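Everything on this sheet refers to the single structure shown next.
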Amino acid sequence: MATLTAKDSFYKRLIYIISVVVFLLVLFLSRLPKQEVIPSWVSFLPKMNAFLNGGTTILLLFSLYFIRRKNIAMHRKLNITACALSTVFLLSYVTFHSFGVETKFPVDNPMRPVYLTILITHIILAAVVLPLVLLSLYRGLTNQVSSHKKITRWSYPIWLYVTITGVVVYLMISPYYQF
20 MATLTAKDSF YKRLIYIISV VVFLLVLFLS RLPKQEVIPS WVSFLPKMNA
70 FLNGGTTILL LFSLYFIRRK NIAMHRKLNI TACALSTVFL LSYVTFHSFG
120 VETKFPVDNP MRPVYLTILI THIILAAVVL PLVLLSLYRG LTNQVSSHKK
170 ITRWSYPIWL YVTITGVVVY LMISPYYQF
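Residue numbers for the sequence shown follow this note's numbering, beginning at 20 and rising by one.
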């Protein structure tokens, strides 16, 4: 097992701080009241988020394809791009929810239990995956291959699930948006 350097310890702490701050920000946003006036451009954000999640899914699948063929350079580029898309998604998500927009899936819809199951697992795993992805990215970028592989065994399937279910949640809830 490799020993942590001072630099590694710093980045590990930074990753955990970023993850906690993001989690608390999202938690805070869920408690905001709905704004009186919501700009028209806000209604586009959920669709954009679905495209960002879908794009990240595709990048992650190609990343796996290329690493299995030992093309580390392409694998690295795809993962950096996937992280960039996820960052744009997070900024868009925070922006959308800062307006206090909330849409509920109809209680009488027979698909509600399916929707809630997907949504709840998506939310829980989205909270868990951020530090895993950041640690995995850091370990990969610093060529700590063994540690990168260990973390990625967890981060990759969770991140893939979160991006796929993000699109599914959007497709299921979008007919009920009130804007």
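The C-beta atom is built at its ideal place from N, Cα and C for all residues, glycine as well. From a predicted model like this one, the values you see are computed outputs, not experimental measurements.
Practice task
Look up residue 123 in the DSSP assignment and say whether it is helix, strand or coil.
Solution key: Along the sequence shown, one-based indexing puts residue 123 at 104. Here residue 123 sits in coil by DSSP.
Handout entry: Anticipated Cβ contact below 8 Å, residue 137 with residue 188, distance rounded
Key = If you number the sequence shown from 1, residue 137 lands on position 118. If you number the sequence shown from 1, residue 188 lands on position 169. Indeed, because the Cβ distance is near 6 Å, the residues count as touching under 8 Å.
Exercise for the section: Measure from the alpha carbon of residue 160 to the alpha carbon of each residue in 116, 94, 83, then state which is nearest. Expected result: The sequence position of residue 160 within the sequence shown is 141, counting from 1. Considering only alpha carbons, the answer is 94.
Handout entry: Residue nearest to residue 97 in terms of C-alpha spacing, selected from 165, 126, 89, 81
Key = Here residue 97 is taken as the residue at index 78 of the sequence shown, counted from 1. Closest in alpha carbon position to residue 97, among 165, 126, 89, 81, is 81.
Practice task
Would you check if there are 3 or more beta carbon pairs closer than 8 Å linking the segment 150-158 to the segment 21-41?
Solution key: These segments touch.
Handout entry: Contact under 9 Å by Cβ, residue 182 with residue 106
Key = Your numbering for residue 182 matches position 163 in the sequence shown. Your numbering for residue 106 matches position 87 in the sequence shown. With respect to the 9 Å criterion, residue 182 and residue 106 are not classified as neighbours on the basis of their beta carbons.
Handout entry: residue 114 (DSSP reduced to helix, strand or coil)
Key = Residue mapping note: residue 114 aligns to position 95 of the sequence shown, counting from 1. Residue 114: helix per DSSP, three-state reduction.
Handout entry: Cβ neighbours of residue 201 in the same chain (closer than 8 Å, five flanking residues each side left out)
Key = For residue 201 there is no data in the structure shown, the boundaries of the chain being 20 and 198.
Problem - Pairwise C-alpha distance: residue 152 and residue 1 - result: One cannot answer for residue 1 here, as it falls past the ends of the chain, which runs 20 to 198.
Problem - Helix, strand or coil at residue 20 according to DSSP, with G and I counted as helix - result: Counting from 1 along the sequence shown, the entry for residue 20 is found at position 1. Here residue 20 scores only 49 on pLDDT, less than 50, and its place in the model is too uncertain to base an answer on.
Handout entry: Own chain residues within Cβ distance below 7 Å of residue 48, not counting five before or after
Key = Numbered from 1 along the sequence shown, position 29 holds the residue referred to as residue 48. Excluding residues within five positions, the ones whose Cβ falls inside 7 Å are 113, 116, 117.
Handout entry: Coarse secondary structure for residue 88, derived from DSSP in three states
Key = What you label residue 88 is simply residue 69 of the sequence shown in a count that begins at 1. Residue 88 falls in the coil class under three-state DSSP.
Handout entry: N-terminal and C-terminal residue of the alpha helix (DSSP H) that residue 157 is part of
Key = Stepping through the sequence shown from its first residue, residue 157 is reached at position 138. Unbroken alpha helix (DSSP H) run through residue 157: 131-160.
Practice task
Indicate whether residue 103 and residue 178 have their beta-carbon atoms separated by less than 9 Å.
Solution key: Here residue 103 refers to the residue found at position 84 when the sequence shown is read from its first residue. Here residue 178 refers to the residue found at position 159 when the sequence shown is read from its first residue. In this structure, residue 103 lies away from residue 178, with their beta-carbon atoms at least 9 Å apart.
Exercise for the section: Pick out whichever of 168, 54, 166, 173 has its Cα sitting closest to the Cα of residue 149. Expected result: In the sequence shown, counting from the first residue as 1, residue 149 sits at position 130. Selected option, being the one with the closest Cα: 173.
Practice task
Look at the Cβ atom of residue 119, then the Cβ atom of residue 168, and state whether they are nearer than 9 Å.
Solution key: Residue numbering aside, residue 119 sits at position 100 when the sequence shown is read from its first letter. Residue numbering aside, residue 168 sits at position 149 when the sequence shown is read from its first letter. Not a contact, by the Cβ cut-off of 9 Å.
Practice task
Given a cut-off of 9 Å, decide if residue 68 and residue 124 are closer than it, judged by their beta-carbon atoms.
Solution key: Here residue 124 refers to the residue found at position 105 when the sequence shown is read from its first residue. Here residue 68 refers to the residue found at position 49 when the sequence shown is read from its first residue. Taking 9 Å as the Cβ cut-off, residue 124 and residue 68 do not qualify as a contacting pair.
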